[in-house]
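Reviewing the structure listed below.
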Amino acid sequence: MRNLIFGMNVTLDGYIAAPGDDIGWGGPPSDELFQWWLDQERASELTLYGRKLWETMSSYWPTGDQQPDATPAQAEFARNWRDTPKVVFSSTPGEIGWNTRLVTGDAVAEITRLKAGDGGPMRIGGATLAGAAMRAGLIDEYALATYPVVAGGGTPFFTALDHRVQLDLVETRTFPGGVVLTRYETRR
């Protein structure tokens, strides 16, 4: 069974986006944190996206390595992003590309099917999609890069659940700028 990982940058009060879908609250990550995320992406064999996060990622990363100010790590992230197989879950079919497949049907059923298959770790991104996977008990690991910012509202990292999920701490690390990374595994 494949491992499913949900990780994102979050505010101290637990939001991945401030009101108005504002994700600029964290500023650019430090080189160390960016490298950590790149290493995580390299270790993933498949990335699952909700529509909104897909639109954000696909608006920049297909050509991120061609930007004049791209660092070597950003160029590598862009190449890895293009090469890694992706699945986008959306009820509104649109144009996709870059090694990506669109799923318009039952996301939980498809994620369950993908988890049961052979292969390495999968990453999931997007609050709505990850929330559905959380409620279905499909997420095996959580990675939160917590920034010292309080948004006061917006899109939460954790969705409302109808049951408690017990987690075990796997890693804690502090990055420049006071960003604290914590990784947890779901206790089974």
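Residue numbers (our numbering): 7 to 194.
Ideal Cβ positions, reconstructed from N, Cα and C, are used throughout, including at glycine.
Query                                                                                                                                                                     : Result
Would residue 139 be called buried (16 or more neighbouring beta carbons within 10 Å of its own) or exposed?                                                              : buried
Determine, using beta carbons only, whether residue 56 and residue 135 come nearer to each other than 7 angstroms.                                                        : yes
Nearest-angstrom Cα distance between residue 73 and residue 170?                                                                                                          : 44 angstroms
Just to check my reading of the structure: residue 132 and residue 59 have Cβ atoms closer than 8 angstroms, yes? What is that Cβ distance to the nearest angstrom?       : 4 angstroms
Under 7 angstroms, do residue 79 and residue 44 count as touching if we go by C-beta distance?                                                                            : yes
By the three-class DSSP mapping on this structure, what secondary structure does residue 122 have?                                                                        : helix
Fully enclosed by the stretch 70-134, which beta strand (DSSP E) runs are 3 residues long or longer?                                                                      : 92-95, 106-109, 128-131
Count the other CB atoms within 10 Å of the CB of residue 182; is the residue buried (16 or more) or exposed (fewer)?                                                     : exposed
How is residue 193 classed by DSSP in three states: helix, strand or coil?                                                                                                : coil
Going residue by residue through the stretch 40-72, where are the continuous alpha helix (DSSP H) segments of at least 4 residues, counting only ones entirely within it? : 57-64
Cβ atoms of residue 47 and residue 15: under 7 angstroms apart, would you say?                                                                                            : no
Could you have a look at residue 14 and say whether DSSP puts it in helix, strand or coil?                                                                                : strand
Where does residue 162 fall in DSSP's three states?                                                                                                                       : strand
Following the continuous beta strand (DSSP E) through residue 23, name the residue where it begins and the one where it ends.                                             : 21-23
With three or more C-beta pairs closer than 8 angstroms as the rule, is the stretch 22-33 touching the stretch 101-116?                                                   : no
How should residue 137 be labelled, buried or exposed, when 16 other C-beta atoms within 10 angstroms of its C-beta is the threshold for buried?                          : buried
Taking buried to mean at least 16 other C-beta atoms within 10 Å of its own C-beta, is residue 126 buried or exposed?                                                     : exposed
Is the beta carbon of residue 152 sitting closer than 7 angstroms to the one on residue 18?                                                                               : yes
Beta-carbon separation of residue 150 and residue 91 under 7 angstroms?                                                                                                   : no
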